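Chemist: Quick one: this structure, given as structure tokens, is what I'll be asking you about.
Chains as they are written, first to last, in the numbering used here: chain A, 3 to 378; chain B, 304 to 500.
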């Protein structure tokens, strides 16, 4: 059973008893335990046996989180959401469950760097964001106008002890494009990256996830999501490049040329036209300069009509990968230790394929194939 | 009456051969075989299950499922959700569910086990993680072969049907350790002693 310290939440129990018009004696009778047993639970001196805990929950209609207070810190999750999607309690619970399952894997991961980068006092103020991004670029060893390469981003995850888990969750059906799970007690971070996403968005999402790694105190909050979006833009397309694009755009007289200029930069930096536009506009707004001729609406119209291929297609075309190719890509492309560690754990513990299914949130068929490949 | 609630895998192992299956009553406890709607959802959500079990949507079986599956009231659902939440949280971080070929029971698995908290029911599953969880919480649970044994003792099914089910499991590569072990122990009268070596 769970080994962390647990207590019955007496406030919840009292509130439920009050709603039912019961006292503790009545509860004890219904549960088939002594009055003293219930008293001991309420005082935190004892904890119900599993069957009594179950009966207590169903009798009072309380969930585990309402009924039990536990000392162990729970996984913190953050979604990089698809546009317009809403994070429900169900999404959060599922992600939290995945986090709990990841705890067992941590001891199989290689030792990671204890000195991790943290952005102190993260701020959405333009110049402070630019300074934070410049510091990271400087540490990576690239100049203020250089293209930030995928490999440099991937290395930053590794340097900061964040484990990338590439997944293929589909292009439309899944709630999130990426999922960040922080295990506070284990000091471990896992980043699920959905490869079924458009190439032009993928680098931005990686940078967004990297921002979460640098700001663990904001993980799981709306502020954390806003900061991660803002930081990703500043890191991938800093002020010096935005100045250059803005200067070129204001020197010409029509929208189409502005779009062509921005598209060129987007292609060079392997980010979306929208990301370029946003960073140029942020620069103009920060310095109170006149806006571009192109509007947000124009950019969205283009975005909706022209979409690049998916990362999964670029990696595995022409067909879906088999288990072996998928695992190989995880090592070779994303430098991820995830499958190596999982392989050791599955063999060491003799764990079933259902663990893989739940950990990766995939079908049983795919989980069985992966499990077979990993334990072979 | 006591329900014998089948999980998805047990249903898929038996439903094609034991006809009728759902609603069948047997034994001194007047067991009645049933499933939750989750079985329907799980198979239709999972393309590989739908591919491997094309007979699932045969009209006769679909009609039987519609007629005999358990429908839950709002009060039942509240109690069921409370139980699911306790069971599911309890398996997380517990290393026993990661060993000896087990997997931690999923939320769907926990829903099946939680059913015994809202109805008099025995849960029928071959999942070893679910058996361990049932043991921890004192929940009544059978392996698939135990259901077959009870039906056989109640003369609802005969030797030929048991043989045919075993043949199908073997041919489909779907024979679990427990079914394999039961072949020459529980069903020794039918299959005889195991061959030496």
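Even glycine gets a Cβ: it sits at the ideal position worked out from N, Cα and C. Treat the numbers as computed from the prediction; the structure is a model and nothing was measured.
Would you call the region 342-352 of chain B and the region 361-378 of chain A touching, i.e. three or more CB-CB distances under 8 Å?
Modeler: Yes: the two stretches touch, three or more of their Cβ pairs being nearer than 8 Å.
Chemist: Are the region 178-198 of chain A and the region 152-167 of chain A touching, with three or more C-beta to C-beta distances below 8 Å?
Modeler: Flag = yes, the region 178-198 of chain A and the region 152-167 of chain A touch.
Chemist: Under 8 Å between C-beta atoms, does residue 329 of chain B make it to chain A?
Modeler: Within the second chain, residue 329 of chain B is the residue found at index 26, counting from 1. So no, residue 329 of chain B is outside the interface.
Chemist: Could you please give me the residues that DSSP links to residue 465 of chain B through a beta bridge?
Modeler: Taking the first residue of the second chain as position 1, residue 465 of chain B is located at position 162. For residue 465 of chain B, which the question treats as bridged, DSSP gives no partner whatsoever.
Chemist: When the Cα atoms are used, what is the spatial distance from residue 384 of chain B to residue 38 of chain A?
Modeler: Reading the second chain from its first residue, position 81 is the one you call residue 384 of chain B. Reading the first chain from its first residue, position 36 is the one you call residue 38 of chain A. For residue 384 of chain B and residue 38 of chain A, the distance between alpha carbons rounds to 28 Å.
Chemist: On the criterion of 16 or more Cβ atoms from any shown chain inside 10 Å, does residue 78 of chain A qualify as buried, or is it exposed?
Modeler: As a first step, residue 78 of chain A must be located in the first chain, where it is residue number 76. Classification of residue 78 of chain A: buried, given that the 10 Å Cβ count is 16 or more.
Chemist: So residue 273 of chain A packs on residue 206 of chain A, CB below 8 Å; how close in whole Å?
Modeler: If you number the first chain from 1, residue 273 of chain A lands on position 271. If you number the first chain from 1, residue 206 of chain A lands on position 204. With 8 Å as the limit, residue 273 of chain A and residue 206 of chain A qualify as a contact, their Cβ atoms being about 6 Å apart.
Chemist: Within the 8 Å Cβ cut-off, does residue 199 of chain A reach chain B?
Modeler: Position 197 of the first chain, counting from 1, holds the residue named residue 199 of chain A. No - not a single Cβ of chain B is within 8 Å of the one on residue 199 of chain A.
Chemist: Against residue 392 of chain B, what residues of chain A qualify as contacts under a CB-to-CB distance less than 7 Å, listed in chain order?
Modeler: Position 89 of the second chain, counted from the start, is the residue given in the question as residue 392 of chain B. Near residue 392 of chain B (Cβ distances below 7 Å), the residues of chain A are 66.
Chemist: Can you check the region 238-286 of chain A for any alpha helix (DSSP H) of at least 4 residues that lies completely inside it and give the ranges in chain order?
Modeler: Runs of the alpha helix (DSSP H) inside the region 238-286 of chain A: 241-252 and 257-271.
Chemist: Please report the Cβ distance between residue 197 of chain A and residue 170 of chain A, rounded to the nearest whole angstrom; I am assuming they are in contact, meaning their Cβ atoms lie under 8 Å.
Modeler: Position 195 of the first chain, counted from the first residue, corresponds to residue 197 of chain A. Position 168 of the first chain, counted from the first residue, corresponds to residue 170 of chain A. Yes, they are in contact, since the Cβ atoms of residue 197 of chain A and residue 170 of chain A sit about 5 Å apart, within 8 Å.
Chemist: Does any residue of chain B have a CB that is nearer than 8 Å to the CB of residue 123 of chain A?
Modeler: Here residue 123 of chain A refers to the residue found at position 121 of the first chain. By this cut-off, residue 123 of chain A is not an interface position.
Chemist: Just mark residue 303 of chain A as buried or exposed, buried being the case when its beta carbon has 16 or more other beta carbons within 10 Å.
Modeler: Mapped onto the first chain, residue 303 of chain A falls at position 301. Residue 303 of chain A should be labelled exposed.
Chemist: Residue 335 of chain B by DSSP, collapsed to three states: which one?
Modeler: As a position in the second chain, residue 335 of chain B is number 32, starting the count at 1. Note: residue 335 of chain B maps to strand in three-state DSSP.
Chemist: Who are the Cβ neighbours of residue 16 of chain A in its own chain at under 6 Å, not counting the five residues just before and after it?
Modeler: Taking the first residue of the first chain as 1, we reach residue 16 of chain A at position 14. There are no such residues.
Chemist: Which runs of the alpha helix (DSSP H) spanning at least 4 residues fall entirely within the region 378-464 of chain B, listed in chain order?
Modeler: Segments of the alpha helix (DSSP H) lying fully in the region 378-464 of chain B: 410-417, 431-439 and 447-456.
Chemist: Does DSSP classify residue 32 of chain A as helix, strand or coil?
Modeler: Within the first chain, residue 32 of chain A is the residue found at index 30, counting from 1. If DSSP states are grouped into helix, strand and coil, residue 32 of chain A belongs with the helices.
Chemist: On a CA-only basis, which of A:292, A:167, A:267 and A:209 is nearest residue 104 of chain A? Give me that one, please.
Modeler: Residue 104 of chain A sits at position 102 when you count from the first residue of the first chain. Comparing Cα positions, the closest option is A:167.
Chemist: If you reduce the DSSP assignment to three classes, tell me which class residue 95 of chain A lands in.
Modeler: Within the first chain, numbered from 1, the residue matching residue 95 of chain A stands at position 93. In this structure, residue 95 of chain A counts as helix in the three-state DSSP scheme.
Chemist: Using a Cβ-Cβ distance under 8 Å, would residue 325 of chain A count as near chain B?
Modeler: Along the first chain, read from residue 1 onward, the residue named residue 325 of chain A stands at position 323. It does not; no Cβ of chain B falls within 8 Å.
Chemist: Do you know whose CA, among A:109, A:277, A:122 and A:283, lies nearest residue 202 of chain A's CA?
Modeler: Residue mapping note: residue 202 of chain A aligns to position 200 of the first chain, counting from 1. Ranking A:109, A:277, A:122 and A:283 by Cα distance to residue 202 of chain A puts A:277 first.
Chemist: Quick one: which unbroken beta strand (DSSP E) runs of 3-plus residues sit fully inside the region 309-361 of chain B? Chain order, please.
Modeler: Listed in chain order, they are 334-337.
Chemist: Beta carbon of residue 55 of chain A, beta carbon of residue 389 of chain B: below 8 Å?
Modeler: As a first step, residue 55 of chain A must be located in the first chain, where it is residue number 53. As a first step, residue 389 of chain B must be located in the second chain, where it is residue number 86. In this structure, residue 389 of chain B lies closer than 8 Å to residue 55 of chain A by Cβ.
Chemist: If you compare alpha carbons, which of B:314, B:436, B:460 and B:335 is closest to residue 53 of chain A?
Modeler: Within the first chain, the letter at position 51 stands for residue 53 of chain A. Selected option, being the one with the closest Cα: B:436.
Chemist: Could you please give me the residues that DSSP links to residue 186 of chain A through a beta bridge?
Modeler: Taking the first chain and counting its residues from 1, the one referred to as residue 186 of chain A is at position 184. Looking at the DSSP assignment, residue 186 of chain A forms no beta bridge with any residue, so it has no partner.
Chemist: Quick check: the Cα distance between residue 97 of chain A and residue 394 of chain B, rounded to an integer number of angstroms?
Modeler: The count along the first chain starts at 1 and reaches residue 97 of chain A at position 95. The count along the second chain starts at 1 and reaches residue 394 of chain B at position 91. Roughly 15 Å separates the two Cα atoms.
Chemist: Anything in the region 407-419 of chain B with a Cβ closer than 9 Å to a Cβ of chain A? List those residues in chain order, please.
Modeler: Flagged, chain order: 407, 408, 409, 410, 412 and 417.
Chemist: Is it true that the region 328-339 of chain A meets the region 288-307 of chain A, where meeting means three or more beta-carbon pairs spaced less than 8 Å apart?
Modeler: No, they do not touch.
Chemist: What first and last residue would you give for the beta strand (DSSP E) that runs through residue 71 of chain A?
Modeler: Stepping through the first chain from its first residue, residue 71 of chain A is reached at position 69. 70-72 is the extent of the beta strand (DSSP E) around residue 71 of chain A.
Chemist: Assign residue 304 of chain B to buried or exposed, taking buried as 16 or more other Cβ atoms, counted over all protein chains shown, within 10 Å of its Cβ.
Modeler: The residue given as residue 304 of chain B occupies position 1 in the second chain. Counting Cβ neighbours within 10 Å, residue 304 of chain B comes out exposed, since fewer than 16 surround it.
Chemist: Closest to residue 65 of chain A by CA distance: which of B:369, B:326, B:386 and B:483 is it?
Modeler: For the purposes of this step, residue 65 of chain A is taken as residue 63 along the first chain, with counting starting at 1. Selected option, being the one with the closest Cα: B:386.
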